[in-house]
Amino acid sequence: MLLNLKHVSKNYKIGDTIIHALDDISLQVKEKEFLAIMGPSGSGKSTFLQVASMLAEPSSGDIFLNDTEVSSYNEIQRAHLRNKEIGFIFQSFNLLARTSALENVMLPLFYAGYDVNSARSKKKAIDMLERVGLGDRLNNTPAQLSGGQQQRVAIARALINDPSIIFADEPTGNLDSKSGEDIKKILKDLSKEGKTIIMVTHEEDVAAIAKRQVVFKDGKVLSDKK
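Going left to right, the sequence shown walks through residues 0 to 225 as numbering that gives the first Met the number 0 numbers them.
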């Protein structure tokens, strides 16, 4: 099993109130699965993504990645794991504003300890940008790119370290319909190539491209359909 969550909970304290954002979640994700996480605001889907991707620590329960227990990792260990094993695609793109598309894509290589000045690293980043149709935009900054193009840069960045899992948080949420369709096609193609994708979305047409849909409500799994 690639990703295995066993009885995972995540609680937040606001004043004297305890918020149970995730309540005893058990969920398994196999290699090459394309999974959509859905649910209304406050259902726990975004918290699930943060906890499952090692951006946040669970309050209780166990998380296994490639059969290795990772939920007890400290922040340094979690950061190392994210850099090596996980790719992120965010709704707001999260690109460095004054940095070219090529340099943005190369950033995970730097954090993973690779020599970003090497010809090999540069070629790998160029290949990723060409893969998402931006081979002619290598030196453009985010301000010189449309929203759809910025999201494609973000996808190339997510792929650069060949991660075990790609987490996508509302990947079409800030895009017009045409750009959204382009991103959906790229995600479907990545799934066909065998990439494991866990995508949070509130849009049913976007969730429909995944082979499995999991619906959250009140911090629990309401349904799990394949």
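Glycine included, every Cβ here is placed at the ideal spot set by N, Cα and C.
For the pair Ala157 and Gln76, the Cα-to-Cα distance works out to about 19 Å. Ile88 places its beta carbon less than 9 Å from that of Gln150. Between the stretch 7-16 and the stretch 170-177, the count of C-beta pairs closer than 8 Å stays below three; the two stretches do not touch.
Beta-bridge pairing by DSSP links Asn10 to His19. The residue among Glu84, Ala51 and Gly38 with its C-alpha nearest the C-alpha of Asn160 is Glu84. Counting along the chain, Ala167 sits inside no alpha helix (DSSP H); it lies in the beta strand (DSSP E) bounded by residues Ile164 to Asp168. Contact annotation, Ala206 with Met37: C-beta distance approximately 5 Å; criterion of less than 8 Å satisfied. Looking at the DSSP output, Arg211 sits in a beta bridge with Leu34. Taking a contact as a CB-CB distance under 8 Å, the pair Leu186 and Ile197 does not count as one, their CB atoms being some 11 Å apart. Apart from the 5 residues on each side of it in sequence, Lys224 sits with its Cβ closer than 6 Å to the Cβ of Gln212 in its chain, given in chain order. In this structure Leu21 is buried. Its beta-carbon is surrounded by 16 or more other beta-carbon atoms within 10 angstroms. Of Lys194, Lys123 and Lys183, the smallest CA-CA separation from Thr200 is found for Lys183.
As computed with DSSP, Thr195 is found in no beta bridge at all.
In this structure Arg119 is exposed. Its beta-carbon is surrounded by fewer than 16 other beta-carbon atoms within 10 angstroms. Beta-bridge partners of Asn3 (DSSP): Gln27 and Phe63.
Apart from the 5 residues on each side of it in sequence, Leu101 sits with its Cβ closer than 6 Å to the Cβ of Ala124 and Leu137 in its chain, given in chain order.
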